[in-house]
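Visitor: Dropping a structure here in structure tokens format, bear with me for questions.
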Amino acid sequence: MLTLATTLFLAAWGGASDTQAKAQNAVGQRVIYEMNVGSFTTEGTFAAAQARLSDLQQTGIDVIWLMSVYPRGSSRSPYAVMDFADVNSAYGTVDDLKHFVAAAHLLGMKVVLDWVPNHTANEHPWRTAHPTWFNGKHSYPDISDLNYDNADMKAEMNSIMKSWIDRCDIDGFRFDFVSNTKPSYWLATNQELKDYAAGKGKDELILLAEIDTSDNLRFSNKTNQIGFTHDYAWWLQESVLRKGIAKNGHVATLKQNLQKFVNDSKTLGLTRMVYLTNHDQNFNDGGATLTDMYGDYRYALTVLAFTFYGMPLLYNGQEIGGNQKLDYFNDTKINWNKADDDMLSLVKQLAKLKHTLSALNDEADVEILDVSDANVLAYTRRQGNSSITVALNFGNAQADVTIGGITWTIPAYGYQWDTDGATAIHTPLATTFDHACYTLAGVKVAEPLSKGIYIRDGRKFLMR
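Under the working numbering, the first residue of the sequence shown carries the number 1, and numbering increases by one thereafter.
Below is the structure:
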């Protein structure tokens, strides 16, 4: 009996949309999503975002990181916080946030709050009530840095974090600008938060640090057992992908840097969060869309982010192309009507693979392969009996490479992966599809009944 092994099979997956509690995907096989509540919907509220949670669940999201939701100072930056214990009234109320988290939990998703430990808005009431809580240094004109030599300030910050666990059942925190704080503080605080969450019946607490610990070993679990569960793969995104491969396509250098990334990561004792963009990349310093940063490489690099090593991040609308610059000071709305369906289909396929294939566990073994074409990056991931082989073509012409004794034909800027008998071959197309099935000669056929390669909706699939 023939098996139709195709991207169409994967793309058909959507996930349930009812309100019954869903099983959570295994730690190490999750996808995280950075949501700016104010941009995510036209209304820009917790309630409106809650109504669209099933869309994220169907896309394959497991963890929602809410960008800073607190009242803002006069600069309107969400990172110039006026009150860590309240929410921006434009988004709703604390009860609305509580309902949002509860609804996410019913769909099997976790929610983490952005936490800004380094600074407050200049107008924060603490500046007058507790001047010794600040050290007088200003990173930017609109903010004042907190003094981590002050025990009362640290105790108050920790108390407020625990209150969010109590009030809204938060599953963890993303810590902003960690590199400007002290490792000794995090060593004590991370353990205090984990113990507190465990006492409340939580099986885990996600603690994501905005820092690349491979460059800041004093914050790593290897060096000091600091206790963060995840960090940023900052160097990988900024230096290797954005300034390296996306600018010149030098695959030989990419291979060397990817191997260094894996080697470094294995020594740190935490999971790396891998990303192509986030709120800083998208908006700061003039802003840049996914196309601005990566051009025709953006599809292959999306495959890399999901399949090479670590936990993949999607930023606010990236699943439909990431081609808007979103001003998070003014909560620019995502235009959901202008979607790259090709990217959305790809993201759903990759999320499904991440969830179901243990070879894509965040820290599963990876082997970079030698292939004959200098424009092709190929690698295999393995864990136990599970494996996946991926090939990415960073050239502007079709590539033919031999992997495991089989010739792979990969379109320009395209990709191919093979796992458990399912082969996906893809080239990005911007067109309208009729969903019909064609031979490689362009002849329209009914559902294929013989072995060979066919095309539907711009994607090749293999009938075995």
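We treat Cβ as the ideally placed atom computed from N, Cα and C, and that holds for glycine.
Can Phe283 and Arg76 be called in contact, C-beta distance under 7 Å?
Guide: Position 283 of the sequence shown, counted from the first residue, corresponds to residue 283. Position 76 of the sequence shown, counted from the first residue, corresponds to residue 76. Going by C-beta atoms, Phe283 is not nearer than 7 Å to Arg76.
Visitor: Anyone know if the C-beta pair for Trp235 and Asp212 falls short of 7 Å?
Guide: Within the sequence shown, the letter at position 235 stands for residue 235. Within the sequence shown, the letter at position 212 stands for residue 212. Contact flag set, yes.
Visitor: If you pair each beta-carbon of the segment 258-275 with each one of the segment 331-350, do three or more pairs fall below 8 Å?
Guide: The answer is no - the segment 331-350 does not touch the segment 258-275, with fewer than three Cβ pairs under 8 Å.
Visitor: Are the CB atoms of Arg30 and Met311 within a distance shorter than 7 Å?
Guide: Numbered from its first residue, the sequence shown carries residue 311 at position 311. Numbered from its first residue, the sequence shown carries residue 30 at position 30. Cβ atoms of Met311 and Arg30: closer than 7 Å.
Visitor: Any idea what DSSP makes of Val366, helix, strand or coil?
Guide: Sequence index remark: in the sequence shown, residue 366 carries index 366 (1-based). Residue state, collapsed to three classes: strand.
Visitor: Would you check if the segment 239-253 and the segment 55-69 touch, i.e. whether three or more CB-CB distances between them fall below 8 Å?
Guide: Contact between the segment 55-69 and the segment 239-253 is absent, because fewer than three Cβ pairs lie under 8 Å.
Visitor: When you compare the CB positions of Arg174 and Val112, do they come within less than 7 Å of one another, or not?
Guide: By one-based count along the sequence shown, residue 174 stands at place 174. By one-based count along the sequence shown, residue 112 stands at place 112. Yes, they are a contact pair.
Visitor: Please confirm whether Phe84 and Ile160 have their CB atoms less than 7 Å apart.
Guide: What you label residue 84 is simply residue 84 of the sequence shown in a count that begins at 1. What you label residue 160 is simply residue 160 of the sequence shown in a count that begins at 1. Yes.
Visitor: Identify whether Lys137 lies in helix, strand or coil by the three-state DSSP scheme.
Guide: As a position in the sequence shown, residue 137 is number 137, starting the count at 1. In this structure, Lys137 counts as coil in the three-state DSSP scheme.
Visitor: Taking the alpha-carbon of Asp365 as reference, which of Gln416, Ile320 and Val262 has the nearest alpha-carbon?
Guide: On the sequence shown, position 365 is the one that residue 365 refers to. Considering only alpha carbons, the answer is Val262.
Visitor: Along the chain, which unbroken stretches of the alpha helix (DSSP H) at least 4 residues long are found entirely within the segment 91-158?
Guide: Complete alpha helix (DSSP H) runs here, min 4: 94-106 and 126-129.
Visitor: Rounded to the nearest angstrom, what separates Ala198 and Asp171 at their Cα positions?
Guide: For the purposes of this step, residue 198 is taken as the residue at position 198 of the sequence shown. For the purposes of this step, residue 171 is taken as the residue at position 171 of the sequence shown. For Ala198 and Asp171, the distance between alpha carbons rounds to 11 Å.
Visitor: Could you check whether Asp176 and Glu210 sit closer than 7 Å to each other, using their CB atoms as the reference points?
Guide: For this step, residue 210 is matched to residue 210 along the sequence shown. For this step, residue 176 is matched to residue 176 along the sequence shown. Their beta carbons are under 7 Å apart, which means Glu210 touches Asp176 by this criterion.
Visitor: Should the segment 340-355 be regarded as contacting the segment 302-321, the criterion being three or more beta carbon pairs within less than 8 Å?
Guide: Yes, the segment 340-355 is in contact with the segment 302-321.
Visitor: If you check the beta carbons only, do Leu290 and Gly249 fall under 7 Å apart?
Guide: For the purposes of this step, residue 290 is taken as residue 290 along the sequence shown, with counting starting at 1. For the purposes of this step, residue 249 is taken as residue 249 along the sequence shown, with counting starting at 1. Contact: no.
Visitor: Anyone know if the C-beta pair for Asn193 and Leu205 falls short of 7 Å?
Guide: Residue mapping note: residue 193 aligns to position 193 of the sequence shown, counting from 1. Residue mapping note: residue 205 aligns to position 205 of the sequence shown, counting from 1. It is Leu, not Asn, that sits at residue 193 in the sequence shown. Their beta carbons are under 7 Å apart, which means Leu193 touches Leu205 by this criterion.
Visitor: Can you name the start and end residues of the alpha helix (DSSP H) that Arg298 belongs to?
Guide: Position 298 of the sequence shown, counted from the start, is the residue given in the question as residue 298. Where Arg298 is concerned, the enclosing alpha helix (DSSP H) stretches over Arg298 to Thr307.
Visitor: So what's Leu258 in DSSP terms, helix, strand or just coil?
Guide: For this step, residue 258 is matched to residue 258 along the sequence shown. Reduced to three states, the DSSP call for Leu258 is helix.
Visitor: According to DSSP, what are the bridge partners of Arg218?
Guide: The residue labelled residue 218 in the question sits at position 218 within the sequence shown. Answer by DSSP bridge pairing: none, since Arg218 is not bridged.
Visitor: Does the contact criterion of 3 or more C-beta pairs under 8 Å hold for the segment 409-418 versus the segment 382-393?
Guide: Verdict: yes, contact present.
Visitor: CA-CA distance, Asp466 and His130?
Guide: Not covered by the structure: residue 466. The range shown for the chain is 1 to 464.
Visitor: Which residue comes first and which comes last in the beta strand (DSSP E) that contains Val401?
Guide: In the sequence shown, the residue the question calls residue 401 occupies position 401. Residues Ala399 to Ile403.
Visitor: For Val178, which residues of its own chain have a beta-carbon under 7 Å away from its beta-carbon, when the five flanking residues on both sides are left out?
Guide: Position 178 of the sequence shown, counted from the first residue, corresponds to residue 178. These residues qualify, in order along the chain: Ala209, Glu210, Ile211 and Phe219.
Visitor: Suppose the cutoff is 6 Å on Cβ atoms and the five residues either side in sequence are ignored; what does the same chain contact list for Gly14 look like?
Guide: What you label residue 14 is simply residue 14 of the sequence shown in a count that begins at 1. Low confidence applies to Gly14: its pLDDT is 37, below 50, so where it sits in the model is not reliable enough to give any reading.
Visitor: Could you check how far apart the C-beta atoms of Asn122 and Gly73 are, in whole angstroms? I think they sit under 8 Å.
Guide: One-based indexing of the sequence shown puts residue 122 at position 122. One-based indexing of the sequence shown puts residue 73 at position 73. Indeed they touch by this definition, with Cβ atoms about 6 Å apart.
Visitor: List the DSSP bridge partners of Leu65.
Guide: Within the sequence shown, the letter at position 65 stands for residue 65. Looking at the sequence shown, residue 65 is not Leu but Trp. Looking at the DSSP assignment, Trp65 forms a beta bridge with Glu34 and Val112.
Visitor: Tell me the start and end of each unbroken alpha helix (DSSP H) in the segment 163-202 that is at least 4 residues and wholly inside, in chain order.
Guide: Within the segment 163-202, the complete alpha helix (DSSP H) runs of at least 4 residues are 183-199.
Visitor: Looking at the secondary structure, which residues open and close the alpha helix (DSSP H) in which Val87 lies?
Guide: As a working mapping, residue 87 is identified with position 87 in the sequence shown. Per DSSP, Val87 belongs to no alpha helix (DSSP H) and is neither H nor E.
Visitor: Taking the straight line between their C-alpha atoms, what separation do you get for Asp465 and Asn118?
Guide: A query on residue 465 cannot be resolved here, the shown segment of the chain reaching from 1 to 464 and no further.
Visitor: Mapping DSSP to helix, strand and coil, what is Asn263?
Guide: Counting from one through the sequence shown, the residue named residue 263 turns up at place 263. Helix.
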